[in-house]
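Participant: The structure that follows is given in the form of structure tokens.
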Amino acid sequence: MEAILFAVTVFFATLTLLFAYIAYTERRKRERALITLRLNRTKEEVNRRIDSTKLLARALSLLREGIVIMDPYGRVIYTNKFARELLDISPEDTEKFFYQAIKNFDVVSMINESFNEKYRVWQEKKIKDRYVQIIFGSDMDEKVLLLIDLTPMKKYENLKKDFIANVSHELKTPVATMKLLLETLEEECKDKPQAEKFLRKAIERVNYMEQLIEDLITLSMLESVNFPVKITTVKLKPFIEKIVHDLSEFAEKRKIIVKVEIPDNISIKIDEKMFHAIMKNLIDNAIKYNKEGGSVKIAFKEYTNEIEISVCDTGQGIPRSHIPFIFERFYRVERSRSRKLGGTGLGLSIVKLATERLKGKVELESEEGKGTCFRIYLPKC
Numbered sequence: 006m007e008a009i010l011f012a013v014t015v016f017f018a019t020l021t022l023l024f025a026y027i028a029y030t031e032r033r034k035r036e037r038a039l040i041t042l043r044l045n046r047t048k049e050e051v052n053r054r055i056d057s058t059k060l061l062a063r064a065l066s067l068l069r070e071g072i073v074i075m076d077p078y079g080r081v082i083y084t085n086k087f088a089r090e091l092l093d094i095s096p097e098d099t100e101k102f103f104y105q106a107i108k109n110f111d112v113v114s115m116i117n118e119s120f121n122e123k124y125r126v127w128q129e130k131k132i133k134d135r136y137v138q139i140i141f142g143s144d145m146d147e148k149v150l151l152l153i154d155l156t157p158m159k160k161y162e163n164l165k166k167d168f169i170a171n172v173s174h175e176l177k178t179p180v181a182t183m184k185l186l187l188e189t190l191e192e193e194c195k196d197k198p199q200a201e202k203f204l205r206k207a208i209e210r211v212n213y214m215e216q217l218i219e220d221l222i223t224l225s226m227l228e229s230v231n232f233p234v235k236i237t238t239v240k241l242k243p244f245i246e247k248i249v250h251d252l253s254e255f256a257e258k259r260k261i262i263v264k265v266e267i268p269d270n271i272s273i274k275i276d277e278k279m280f281h282a283i284m285k286n287l288i289d290n291a292i293k294y295n296k297e298g299g300s301v302k303i304a305f306k307e308y309t310n311e312i313e314i315s316v317c318d319t320g321q322g323i324p325r326s327h328i329p330f331i332f333e334r335f336y337r338v339e340r341s342r343s344r345k346l347g348g349t350g351l352g353l354s355i356v357k358l359a360t361e362r363l364k365g366k367v368e369l370e371s372e373e374g375k376g377t378c379f380r381i382y383l384p385k386c
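Basically the working numbering = 1-based index in the sequence shown + 5.
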């Protein structure tokens with residue numbers, strides 16, 4: 006009996022061990038299958054990531070914008086084709102510091118001076134034969150240099166400028182001839198009031214065309230890279246008084262009093278032609294858009310590194326919504342009134358551009374119903 010019990014016990018123990026072994030084997034098989042599946046999935050994900058990275062790199066290489074990606078320490082991680090061609094970066098320069106990889110000294114200096122800043126933009130820089138806008142940005146993980154190609158836009162702007170300049174010069178002679186003929190006809194029609202009236206209107210329109218052409222020529226000259234800046238010493242008060250005298254007939258017609266509050270002994274070093282264009286347009290506008298019987302004040306202030314010349318009027322002022330656009334070409338606050346008074350819409354564009362060419366700035370302060378004040382700040386030479 007004991008032998009039978011022992012045999013049964015051994016049988017069940019063996020059976021238990023057998024089942025345990027089978028269960029263990031199956032579990033190991035499942036674990037191996039799961040590990041294999043995970044490994045395959047990981048490989049697939051890695052391959053997908055590699056494919057995506059390759060695809061992204063291929064797409065970035067086709068862009069006409071340059072991209073340089075650096076680590077937080079300034080080592081180059083990635084460059085696309087446009088950046089490599091523009092900055093003379095070779096494929097072997099990866100993992101080198103930006104000042105070793107980039108061969109353009111100006112760009113290296115720009116990165117160096119803004120290395121710890123989050124964002125910096127340089128509007129326009131000529132590199133080789135391209136005009137580019139340079140943007141530098143950084144965060145905790147990487148630093149990015151972006152080079153945006155402005156060359157096509159620059160070529161378009163140059164074509165537009167050349168076209169305007171050429172057309173303006175071509176129109177100048179026939180318009181002057183037309184004006185002379187109309188003035189001659191006006192003399193001949195003194196005894197014919199109706200004909201004289203129409204001729205006077207025609208002469209006004211020709212005068213407007215002549216002024217428009219002159220303004221376009223001035224703008225094209227100011228925009229020209231080759232336009233020379235000739236600095237000479239100018240006695241300020243007589244210079245301003247000459248402009249005021251030239252506009253006195255128009256001021257008297259509108260009963261505008263122009264006050265020149267500038268000391269007699271002030272002399273400034275300036276480009277005479279550019280400064281004349283600035284002041285003539287500002288004073289002309291102050292008279293033109295003033296209320297009848299109003300006044301214009303031209304004043305001078307001197308600071309440590311710059312001078313300020315202000316032209317203030319007592320006109321209706323400029324609405325706040327118009328102020329951001331006031332220096333744009335052909336922009337008019339009141340189109341019908343501006344045309345009636347002979348305004349071309351280019352005067353303030355000339356003022357802004359000429360001031361910038363002289364390395365200065367122009368500021369505008371205006372209040373509706375009280376008047377407008379333009380302030381020109383120019384560096385001391």
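Where is the CB? At the ideal position from N, CA and C, for every residue including glycine.
These numbers were taken from a predicted model, which means no experiment stands behind them.
DSSP beta-bridge partners for Ser272?
Facilitator: According to DSSP, which records beta bridges pairwise, Ser272 is partnered with Lys240.
Participant: Is DSSP giving Phe120 helix, strand or coil here?
Facilitator: Three-state result, Phe120: coil.
Participant: Using the DSSP secondary-structure output, state which residues sit across from Pro384 in a beta bridge.
Facilitator: The partner list for Pro384 (beta bridge, DSSP) reads Glu311.
Participant: Is DSSP giving Glu175 helix, strand or coil here?
Facilitator: Helix at Glu175.
Participant: Starting from Glu201 and walking both ways along the alpha helix (DSSP H), at which residues does that stretch end?
Facilitator: Glu201 -> alpha helix (DSSP H) spans 198 to 228.
Participant: How should Met158 be labelled, buried or exposed, when 16 other C-beta atoms within 10 angstroms of its C-beta is the threshold for buried?
Facilitator: Counting Cβ neighbours within 10 Å, Met158 comes out exposed, since fewer than 16 surround it.
Participant: Look up Cys317 in the DSSP assignment and give the residues it is bridged to.
Facilitator: Per DSSP, Lys302, Cys378.
Participant: Relative to the C-alpha of Lys184, which residue among Ala170, Gln199, Met214 is closest?
Facilitator: Comparing Cα-Cα distances from Lys184 to each of Ala170, Gln199, Met214, the minimum goes to Met214.
Participant: Are the CB atoms of Asp251 and Leu351 within a distance shorter than 8 Å?
Facilitator: Contact flag unset, no.
Participant: Which residues share a DSSP beta bridge with Glu370?
Facilitator: According to DSSP, Glu370 bridges with Cys378.
Participant: Would you check if the distance between the CB atom of Val239 and the CB atom of Phe305 is smaller than 8 Å?
Facilitator: Contact flag unset, no.
Participant: In whole angstroms, what separates the C-alpha of Phe330 from that of Glu97?
Facilitator: One C-alpha to the other measures close to 49 Å.
Participant: May I ask you to list the residues that DSSP assigns as paired with Ser143?
Facilitator: DSSP, once it has assigned bridges, lists Lys148 as partnering Ser143.
Participant: State the Cα-Cα distance for the pair Val149 and Tyr336, rounded to the nearest angstrom.
Facilitator: The straight-line gap from Cα to Cα measures roughly 38 Å.
Participant: Throw me the rounded Cβ distance for the Asn310 and Pro243 pair, which I believe falls under 8 Å.
Facilitator: So it is not a contact: roughly 25 Å between Cβ atoms.
Participant: Do you know offhand how far Ile74's Cα is from Phe120's?
Facilitator: Taking the straight line from one Cα to the other gives about 13 Å.
Participant: Could you please give me the residues that DSSP links to Arg135 through a beta bridge?
Facilitator: Arg135 pairs with Ile132.
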